[in-house]
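Quick notes on the structure that follows.
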Amino acid sequence: MKFFKKMPLRRAWYGLIIIASLLPAIALSPWLSQQAHNLLLDRALLKEEVFHKEVEIFLHLETNRLVSVLQNKSDPIAHFLTEDKNSKAIGKLVERIAQRESMVNTTSVYDEHTNLIFRSVVHGHQPAVIDMNSPAIVIPMHNRIFIGSPQRLSDQHYEFIISVPVVHEGTVVGVIVSTINIDEYWKNVRTQIPEHNSKVYLIDGRGSLLVHQNETNLKQGDLLSDKKIVRSILAGKDWHETSEYEGFEGNQVFGIATLVRGLQWGLISEVEAKEITSAIVSKLTLLIIIVVFLHVVFGLISLIFTGRLLGPIFDLGKVMKRATEGDYSNQASASPYVEIDDLSRSFNMMIQEIEVRELSLKKLSQAIEQGGESVIMTDKHGVIEYVNPAFTEITGFSFDDVVGKKPNILKSGVQSAEYYKKMWLTISRGEVWHASIVDQRKDGSTYPALMTVSPIMDAKDNITHYVGIQQDMSAHEMLEIQPLCAEAHRMCITTRSRPLLDPK
0 MKFFKKMPLR RAWYGLIIIA SLLPAIALSP WLSQQAHNLL LDRALLKEEV
50 FHKEVEIFLH LETNRLVSVL QNKSDPIAHF LTEDKNSKAI GKLVERIAQR
100 ESMVNTTSVY DEHTNLIFRS VVHGHQPAVI DMNSPAIVIP MHNRIFIGSP
150 QRLSDQHYEF IISVPVVHEG TVVGVIVSTI NIDEYWKNVR TQIPEHNSKV
200 YLIDGRGSLL VHQNETNLKQ GDLLSDKKIV RSILAGKDWH ETSEYEGFEG
250 NQVFGIATLV RGLQWGLISE VEAKEITSAI VSKLTLLIII VVFLHVVFGL
300 ISLIFTGRLL GPIFDLGKVM KRATEGDYSN QASASPYVEI DDLSRSFNMM
350 IQEIEVRELS LKKLSQAIEQ GGESVIMTDK HGVIEYVNPA FTEITGFSFD
400 DVVGKKPNIL KSGVQSAEYY KKMWLTISRG EVWHASIVDQ RKDGSTYPAL
450 MTVSPIMDAK DNITHYVGIQ QDMSAHEMLE IQPLCAEAHR MCITTRSRPL
500 LDPK
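In numbering that gives the first Met the number 0, the protein residues as written are 0 to 503.
The following block contains the structure:
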């Protein structure tokens, strides 16, 4: 059963090139597009992650700087607390903190019994409510630094507490407690970071909004724990999802959330999905254009090379077709490809040899066709396949009369069965048989002949055919008989005329 129709080699090659060019692109384009989309999305979100790392570092640096400011004042304050509790001197030191740091709303100094020694208040801000059981007192009394969670104080400002111990000769003798304005704190951090286009939100450990960078409908203190990204921060996990979600402003966004460890705050940045997807679509479009262009270039190059490859093959095919029609005058053209060039040169040499042999065979055929000897050819079983015109002229049998039959149609009965048996044994051994024979013509008359039968063998010395050549000896015998008849006639005349000549 034939599954494929025959087609030109050129069409098959061009079809293969088209399939090899387009099929992988068509098959892999969805997967490649998705991979490229994910890669570009990861790249866009990676920028947010890098931004988060920078913000986290500056948050820690700014917090540590504020701690250092308070610790620098703690040594002289410790001196005044232990010597004479000089509140005036302590007040001057505390006032310097307020003058230097605009984000510090209040600073209070307590002794080891939680007695307030001095308090500095800027712009009417309210201090945090502190008692002896407050973490802001208890933790520093154990010679540790305390950083509290941001909260809204009575003055409606969001602030967080930094408490440092006041140590004299290895003993905690007091505590410095400062409330830090979140807005001023964030503003100072933000000036140290390059501009960023995403919407940035800072939340506390309860999920309440502390600060936001861009315009928003949210207000400071709004509880955002209904969002999955916020709940991830509250659970102590960063958020690095690559799927869209409904953002704080109600639009579809991609987001990144980082837990600022140590402060236990959450940093969230959101980028509108259309901003990222539009950039991704633009890059994918450019990628598709490049891929299509490369496929076109590859296709053109392939077609050029295919043309150079198939040209000599098609030329060889034309030369072979002409050769089968008996025209050996054409030569296959050379090819830049070694194998095809070797094939063309070999074929050219072959048709040259065929032409020479065909001329020789033509000469031999003409000799056989025009010769006076009868030529008969049989297969190995003795069935006649060919006779020449001389055979017809001598025997009277035409070509159609004898083809497919055996030579015994020429038997005259003069030769014995032993004669033919000996002949077949000889030629079956691959030897040549040569003898005289008397055969019978189509009209029933006989004729003498000299016959030679030779076997034809293949390359493995197996007999495939037999060829017999007969020379009609009828005329030769007549030439031999004529002198004998003339001599006999002469003798007869001499005998009869002798009495007439006798003188007696």
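Ideal Cβ placement from N, Cα and C applies to all residues, glycine included.
Residues in its own chain within less than 6 Å of residue i by CB, not counting five upstream and five downstream?
i	result
L500	Low confidence applies to L500: its pLDDT is 47, below 50, so where it sits in the model is not reliable, and the reading given next is rough at best. Excluding positions up to five away in sequence, the list is empty.
T105	V120, H124, P126, T178
E352	none
N132	none
K503	Its pLDDT being 49, under 50, K503 is placed unreliably in this model, and the value from its coordinates should be taken loosely. Excluding sequence neighbours, K503 sits near nothing in its chain.
V413	V437
Y385	M376
P149	Y157, F159, I181, D203, L209
W238	I228, S231, A256
S432	Just to set this straight, residue 432 is Trp in the shown sequence, not Ser. Counting only Cβ-Cβ distances below 6 Å, and skipping sequence neighbours, we find M422, T425, I426, V452.
P245	Rather than Pro, the amino acid found at residue 245 in this sequence is Glu. No residues qualify anywhere along the chain.
What residue range is occupied by the uninterrupted alpha helix (DSSP H) comprising residue i?
i	result
G265	Not the alpha helix (DSSP H): G265 falls in the beta strand (DSSP E), residues 264-271.
E354	337-369
M140	134-140
D400	398-401
D182	181-189
F247	Here F247 belongs to no alpha helix (DSSP H), and DSSP marks it neither H nor E.
E392	388-394
Which whole-angstrom value describes the C-beta separation of residue i and residue j, a residue pair presumed to lie in contact below a C-beta threshold of 8 Å?
i	j	result
I383	G403	7 Å
S197	E47	6 Å
H464	D378	6 Å
L222	S207	5 Å
I393	Y446	7 Å
H527	T81	Residue 527 lies beyond the stretch modelled for the chain, which goes from 0 to 503, so this question has no answer here.
CB-CB under 8 Å to residue i, same chain, minus the five flanking residues each way: which ones, in chain order?
i	result
A135	A127, I129, F145, G147, I160, S162, V174, V176
L115	S107, V108, Y109
M0	For M0, the pLDDT reaches just 44, beneath the cut-off of 50, and the residue's location in the model is therefore unreliable, leaving the point undetermined.
V171	E111, P139, M140, H141, N142, P164, V165
K87	none
I367	V374, N387
S435	P447, A448, L449, M450, M472
F57	V188, Q191, I192
What residue does the beta strand (DSSP E) around residue i start on, and which one ends it?
i	result
W432	432-439
G254	251-259
V587	Nothing can be reported for residue 587: it is not among the residues displayed for the chain, which extend from 0 to 503.
A416	Taken as a continuous stretch (DSSP letters only), A416 belongs to no beta strand (DSSP E), being part of the alpha helix (DSSP H) at 416-427.
K198	198-202
H464	462-471
H211	208-211
L449	445-456
L115	115-120
M131	That residue, M131, is in no beta strand (DSSP E); it is neither H nor E in DSSP.
S411	Taken as a continuous stretch (DSSP letters only), S411 belongs to no beta strand (DSSP E), as it is neither H nor E.
Under the DSSP definition of a beta bridge, which residues are partnered with residue i?
i	result
S101	Per DSSP, none; premise fails for S101.
W238	A256
V296	Paired residue(s): none; V296 is not in a bridge.
F79	DSSP lists no partner for F79.
I151	It should be noted that the sequence gives Arg, not Ile, for residue 151. Y157, per the DSSP bridge assignment.
S107	R118, V176
H516	Because the chain in this structure spans residues 0 to 503, residue 516 falls outside the shown range and cannot be described.
I375	V386, G467
F145	S162
L222	S207
Using a Cβ-Cβ cutoff of less than 7 Å, which residues in the same chain neighbour residue i once the five nearest sequence positions on both sides are dropped?
i	result
S496	Bear in mind that a pLDDT of 48 at S496, under 50, signals an unreliable position, so the number given afterwards is only what the model happens to contain. Closer than 7 Å at Cβ, skipping near neighbours: no residue.
D442	G395
S334	P311, D340, S343
E372	A389, I468, Q469, Q470
S32	L283
R521	Since the first residue of the chain shown is 0 and the last is 503, residue 521 is not available in this structure.
R321	N329
Give a yes or no on whether 9 Å exceeds the smallest Cβ distance from residue i to chain C.
i	result
Q414	No chain C is present in this structure, which holds just one protein chain.
Discussion item. Would the segment 215-233 count as touching the segment 10-22 if we require 3 or more Cβ pairs under 8 Å?
Written reply: Of all C-beta pairs linking the segment 215-233 to the segment 10-22, fewer than three are shorter than 8 Å, placing the two stretches out of contact.
Discussion item. Within 8 Å, do at least three Cβ pairs link the segment 198-205 to the segment 258-265?
Written reply: When C-beta atoms of the segment 258-265 are compared with those of the segment 198-205, three or more pairs fall below 8 Å, so the two segments count as touching.
Worksheet entry | the segment 203-211 in contact with the segment 76-96 per 3-pair CB rule at 8 Å | Not touching, per the Cβ criterion.
Discussion item. I'd like to know if the segment 181-194 and the segment 252-260 are in contact, where contact means that at least 3 CB-CB pairs between them fall below 8 Å.
Written reply: no
Fill in: Validate contact between the segment 284-295 and the segment 62-75 using beta carbons, cut 8 Å, 3 pairs
The answer is no - the segment 62-75 does not touch the segment 284-295, with fewer than three Cβ pairs under 8 Å.
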